[in-house]
């Protein structure tokens, strides 16, 4: 029922619009023809559905024949309706081809016919009278034809005040533009000062870090064995993680063949993760792959490659959430779930 109502409403609106469109562009179209067109559309649709459930060439041919027959029928009916309307109009209007009866002219008496001489004299007298009238009317017109001197139009009362307002507005606009320019210049200068201060602070922090690193290296150099270096790193890991990182780096550099080397690299990476320095952690794993003790052990090598992929995913997802400065132990649970889901995806 809803389909019938919706379809009928669409058909009614379409018939109304098409009828007025035809009237607008000068095409004669009857209401009955448009209604018949809608009915034929329903019929063609129903017949097309009942003909065949398959869309083969014969189906398209029969459908085309139905459309042509429906169009011809609508055109024929519309033409007949137009002709019938034209005949009805002709019956109520006089035939335009009828020859009107000639008007009988009353005979003119011969005595009233003027001779050519009399007509010429009358024309001369009329011309003389017209010339006299024109001459008498031209004289006063010439006297009054002198143009009157135009007095200067008084200046509008509001002109002066409008000019004053315009001048005030222009001065105000100039003042505002000047203020905006000064504010913009101050903002730029403030940004430059801030950038300069930030660069100076970063340089100072870098210099301090370098100085501390030199102190750490001197302390580590005084240690003679790997165990003493590891004890130093363990003691400094909580309060001075930079010193512990320096100790692990020196141990890896000094004892690359030691069997404990993979665990040192893992400890170093854990310190980087606690400081949210994921870039250095990834570099540490990649650099460790070139060490002989790891390169010769396929299981250890695959484990380091897997850890490198995991940290890369951690870095990418934290960057997506604008949380790249979050230490690994402080990563929220929802982000960790997202990291694990991404890590579990098979690699190509």
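Numbering (the UniProt record's numbering), first residue to last: 1 to 348.
Cβ atoms here follow ideal geometry from the backbone N, Cα and C, with glycine treated the same way.
A quick note: this is a predicted structure, and the numbers were derived from the prediction, not measured.
Item	Value
Residue 323 by DSSP, collapsed to three states: which one?	coil
Go through its chain and collect everything with a Cβ distance to residue 244's Cβ below 7 Å, but skip five positions before and after it.	233, 236, 237, 271
Go to residue 333, then tell me how far its alpha helix (DSSP H) extends in each direction, as first and last residue.	333 to 343
Inspect the beta-carbon positions of residue 34 and residue 18 and report whether they are closer than 8 Å.	yes
Measuring CB to CB, does residue 269 end up less than 8 Å from residue 281?	yes
Evaluate the contact criterion for the stretch 334 to 342 versus the stretch 291 to 306: three or more CB pairs, one atom per stretch, below 8 Å.	no
Sort 253, 274, 207, 202 by Cα distance to residue 356 and report the nearest one.	Here the chain has residues from 1 to 348 only, and residue 356 is not among them.
When burial is assigned at 16 or more other CB atoms within 10 Å of the CB, is residue 318 buried or exposed?	buried
Around the C-beta of residue 267, are 16 or more other C-beta atoms found within 10 angstroms, so that it is buried, or is it exposed?	buried
Run the CB neighbour count on residue 60, radius 10 Å, all protein chains shown included, and call it buried at 16 or more, exposed below.	exposed
Helix, strand or coil: how does DSSP classify residue 259 here?	coil
How would you call residue 276, buried or exposed, if buried means at least 16 neighbouring beta carbons within 10 angstroms?	buried
Nearest to residue 230 by alpha carbon, out of 215, 208, 265, 197?	265
Pull up the distance between the alpha-carbon of residue 305 and that of residue 220, whole angstroms please.	30 Å
Fully enclosed by the stretch 158 to 238, which alpha helix (DSSP H) runs are 4 residues long or longer?	226 to 236
In this structure, how does DSSP classify residue 36 when only helix, strand and coil are distinguished?	helix
Can you tell me the Cα-Cα spacing of residue 330 and residue 175, whole angstroms?	53 Å
Taking the straight line between their C-alpha atoms, what separation do you get for residue 342 and residue 263?	26 Å
Grab me the residues of residue 310's own chain with a C-beta within less than 6 Å of its C-beta, minus the 5 sequence neighbours each way, in chain order.	343
May I have the straight-line CA-CA distance separating residue 97 from residue 71, to the nearest angstrom?	At residue 97, the pLDDT of 48 sits below 50, so the modelled position is not reliable; the number obtained from the coordinates is stated separately. So the alpha carbons of these two residues sit roughly 36 Å apart.
Considering only the alpha carbon of each residue, which of 316, 44, 320, 249 lies closest to residue 285?	249
Could you give the distance in angstroms between the alpha-carbon of residue 214 and the alpha-carbon of residue 223?	15 Å
Give the DSSP-derived three-state secondary structure of residue 316 in the structure shown.	helix
Look at residue 15 and residue 38 and say whether their C-beta atoms are less than 8 Å apart.	yes
Identify whether residue 75 lies in helix, strand or coil by the three-state DSSP scheme.	helix
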